[in-house]
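Have a look at the structure below, then the notes.
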Amino acid sequence: MADPASVTDHANASHGTAAPQPGSDRPLLPRVIGTRRGGLLVAGALALTGLIFAWQASLLDLGQIGLPGPGFFPLLLAVLLVVFSAVIAIEGRLRSSKDEPLEFGHAQVLITFAALLAVPLLFEFVGAYITLGLMSAVLLVFIARVSVLPAIVCSAIGMAACWYLFGELLGVRLPIGPF
Amino acid sequence: MTGFEQLVRGFSVALSWKGLLYCFIGCLWGTVVGVLPGLGPLAGMTLLLPLTFGLDPTIGIIMLTGIFYGAMYGGSTTSILVRIPGEAASVVTCIDGYEMARQGRAGPALMISAVGSFIGGTVSVLGLMFIAPPLAKVMIAIGPSVEVVLMLLALFVISIVSAGSRIKTATMVVLGLLLGTIGLDNLTGAPRFTFGSPELSGGLSFAALAIGLFGLSEILLNLEKTETIKAIQPKLRDLIPRWNDVRDSAPAIGRGSVIGFIFGIIPGVSHVVSTFVSYAVEKRLSKHPEQFGKGAIAGVAGPETANNAVTGTAMIPLLALGIPSIPATALLLSALTIHGVQPGPLLLTDRPDVFWGLVASMYIGNIILLLLNLPLVGIFVNLLRIPYQWLVVAILVISIIGVYSVNSSVIDIWIMVVSGGVGYLLRKLGYEMAPLLLALVLGDRLESSFRLALTMSGGSYATFLDTASVVVLGSALGLLLLIQGLAWVFGYRKSVTDEAERA
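Line by line, the protein sequences give chains C and L.
For the first sequence, position 7 (counting from the first letter as 1) is numbered 43 according to the working numbering, and the numbering increases by one without interruption.
For the second sequence, position 12 (counting from the first letter as 1) is numbered 72 according to the working numbering, and the numbering increases by one without interruption.
Listed below in structure tokens is the structure:
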């Protein structure tokens with residue numbers, strides 16, 4: 037029978053950032069915004085997306101009401117997206133309930149996302165394995181808090197394993213860059 | 061050839077060494093992604109999708125489907141031992157499963173959960189086997205106008221049954237349909253929203269979007285969390301349940317099989333809803349409802365059976381109608397299309413090997429999972445010892461290689477990264493990603509059928525109100541109302557969701 041005393045602790049994500057406190061010494065990140073304001077911003081972005089799609093769809097052949105062309109369906113959907121976004125914005129504006137705070141910009145999230153953004157920029161230019169190895173090393177150092185040398189060694193071993201699994205066993209062809 | 065003969069032929073595919081090997085790999089990987097918080101069946105299937113490209117379509121689909129139902133098995137392990145649901149359908153299991161584990165009864169909870177999952181999964185495969193073929197025959201006889209009605213109904217239901225804001229879900233449906241229009245127009249070949257990029261002519265990569273919106277956004281959200289995981293380690297000899305456990309859980313497993321099977325028809329979140337309904341039913345019918353929330357084994361057996369019984373039912377609309385009802389089957393649709401197999405009414409006549417091979421493999425997969433999950437539960441729990449940040453690195457590397465390998469295009473990596481960021485923001489603000497993905501998959505076919513139906517009718521919108529459409533719409537709506545009514549009768553929303561939140 038499982039002994040409750042045998043409970044073991046596994047730190048899963050123990051390097052998370054604490055919520056910032058209000059005041060003059062408030063750290064730059066993470067930023068806290070209200071769900072109402074965040075909701076309005078997202079609704080605005082969705083409405084803008086709808087407007088761009090509507091504009092582009094209007095440049096296509098709309099056809100007739102009985103025989104729609106390639107622009108008809110996207111135009112209809114884009115208009116619906118704008119309308120729904122407006123409803124969400126109005127609903128958020130009128131909402132009387134408590135405006136709950138939302139945190140954005142945790143260091144780990146930003147570092148991971150920045151590393152990911154760099155991947156497609158370098159992927160074909162320096163090669164897949166070097167790019168992914170660099171990304172792994174950066175994430176191991178800054179997210180997993182591993183020292184630089186072990187992080188590089190682990191990344192190199194990981195990339196060798198990837199090359200063997202994907203390149204040799206599965207025949208996946210990845211860009212090799214200038215080398 | 062009779063159905064039985066075709067099933068025998070299906071078993072010959074599923075029992076070949078390749079069929080068994082890839083079914084095992086799928087089940088094993090499915091259990092792993094089910095155990096690991098932050099990785100669900102969809103992310104697990106997407107990650108291994110590129111590995112299927114060099115395989116025979118039947119074998120590839122056998123592996124991907126194994127991941128789908130394997131994740132349902134694995135999800136219960138973390139719910140019971142850690143009180144963290146491995147995936148959404150295991151949330152309810154946390155309530156009584158973890159309480160049992162705290163009382164030193166993790167073993168029986170895991171055992172009953174695995175047996176219930178096996179029975180639920182097997183019952184649903186039987187249903188798939190008997191319902192899909194006649195349904196496909198009916199669908200062959202009807203035209204594109206009925207297809208449009210069915211797809212609109214599916215999207216409407218997804219918006220209605222969503223757990224979050226309905227207007228936000230409807231917005232995600234519209235956004236998904238809109239993103240689905242990117243690429244060449246199916247009927248005229250005109251490029252739409254491609255901005256001259258040949259990579260976008262084929263549309264946005266479903267795999268890239270699925271990994272971004274589900275997998276990557278989940279990883280980013282998990283990186284924010286700071287809580288510590290406390291896992292209870294059961295011993296193998298403690299797995300055998302007492303007679304009282306068997307007596308209390310047997311009816312719950314029976315009812316869970318029926319509930320999961322029926323609720324599997326609902327598009328969108330059927331696997332989650334079925335567990336809530338099953339829990340509410342068990343609590344309502346129990347002689348000791350006060351024990352629920354304090355370690356009642358029926359509260360584990362029912363929901364775990366129900367979420368596995370959904371898997372077979374969810375395959376019915378995919379294989380018989382070509383319409384996915386949940387994100388995981390949307391990915392299967394995408395995978396089948398990549399392999400040149402078109403799911404739908406003609407699948408059973410054109411590619412019976414795929415259908416019957418899959419059905420046979422699901423029987424075998426359920427047995428593999430039963431054998432795999434119980435003795436190896438300690439190993440799966442030890443996966444939680446791996447620091448999450450290390451897992452993130454490994455998952456990201458595999459995801460990027462997987463996404464790139466689908467079309468050998470860096471654009472797909474951009475799509476994955478950007479959609480991951482967008483998905484992270486949207487999910488923080490209460491938007492759901494499943495409706496977007498389902499709409500994205502259905503959008504192309506919805507538009508084609510819509511325009512085809514109008515062309516065939518000479519531009520008359522009355523074609524969407526013909527007898528066949530009305531009959532299909534009426535039957536489907538009646539069925540959904542009945543299911544919704546049953547859920548309402550047992551009041552699953554107000555009672556069980558509160559308990560799940562407290563847990």
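Positions of the beta carbon are idealized from the N, C-alpha and C atoms, including for glycine.
Taking a beta-carbon distance threshold of 8 Å, G70(C) does not count as an interface residue toward chain L. In the DSSP assignment, E139(C) forms a beta bridge with V68(C). In this structure, G86(L) lies near G130(L), with their beta-carbon atoms less than 8 Å apart. Going by DSSP, I325(L) is part of no alpha helix (DSSP H) at all; its letter is neither H nor E. Three or more beta-carbon pairs drawn from the segment 152-172 of chain L and the segment 354-373 of chain L are found closer than 8 Å, and the two stretches are therefore classed as touching. Under the criterion of beta carbons closer than 8 Å, V457(L) and L76(C) do not qualify as touching, at roughly 37 Å. The continuous alpha helix (DSSP H) containing D410(L) extends over residues 407-410. Contact check for L502(L) and L215(L): beta-carbon distance about 7 Å, within the 8 Å limit, so the pair qualifies. Under DSSP, G99(C) shares a beta bridge with P104(C). L273(L) is positioned such that its CB atom lies closer than 8 Å to that of M493(L). In the DSSP assignment, P251(L) forms a beta bridge with L244(L). For V184(C), none of the residues of chain L pass the 8 Å Cβ criterion, the least Cβ distance being about 15 Å. For A230(L), a Cβ of chain C is located within less than 8 Å of the residue's own Cβ. L378(L) is classed as buried because its beta carbon has at least 16 other beta carbons within 10 Å across all chains shown. Under the three-state reduction of DSSP, R302(L) is assigned to coil, being neither helix nor strand. Inter-residue distance for G134(L) and A250(L) is about 45 Å (C-alpha atoms, whole angstroms).
Check the Cα spacing between L75(L) and each of V419(L), R226(L), R344(L): the tightest is with V419(L).
Inter-residue distance for L124(L) and L115(L) is about 12 Å (C-alpha atoms, whole angstroms). If one requires a minimum length of 4 residues, the alpha helix (DSSP H) runs lying completely within the segment 322-372 of chain L are 330-345, in chain order.
Chain-order list of chain L residues neighbouring E127(C): I227, by C-beta distance under 7 Å.
With fewer than three CB-CB distances shorter than 8 Å, the segment 93-109 of chain L does not count as touching the segment 193-206 of chain C. Listed along chain L are L456, V457, I460, I461, each with a C-beta nearer than 9 Å to that of L168(C).
Residue contact with chain L for V145(C): present (Cβ-Cβ distance below 8 Å to some residue of chain L). Looking at S277(L), G187(L), T112(L), the one whose alpha-carbon comes closest to that of T397(L) is T112(L). Contact check for T137(L) against I271(L) fails: the beta carbons are separated by 8 Å or more. Just so you know, the alpha carbons of L81(L) and E136(C) end up roughly 50 Å apart. Taking 8 Å as the cut-off, the beta carbon of L212(L) is found no closer than this to the beta carbon of V532(L).
Note on geometry: alpha-carbon atoms of P301(L) and M171(L) lie some 7 Å from one another. Proximity of chain C to G359(L) at the Cβ level (cut-off 8 Å) is not reached, the minimal Cβ distance being about 18 Å. With respect to C83(L), G120(L) sits apart: the two C-beta atoms are not nearer than 8 Å.
In the DSSP annotation of this structure, T523(L) is not part of any alpha helix (DSSP H), being labelled neither H nor E. Proximity of R511(L) to chain C, defined by a Cβ-Cβ separation below 8 Å, is satisfied. If you check the CB distance, L406(L) and P193(L) do not come in under 8 Å. Put simply, the CB of S94(C) is far from chain L, with every gap to its CB atoms at 8 Å or more.
Only residues of its own chain outside the window of five on either side were considered, and among them G272 have a CB closer than 8 Å to the CB of V478(L), listed in chain order. Secondary structure at S385(L): coil, using DSSP grouped into helix, strand and coil.
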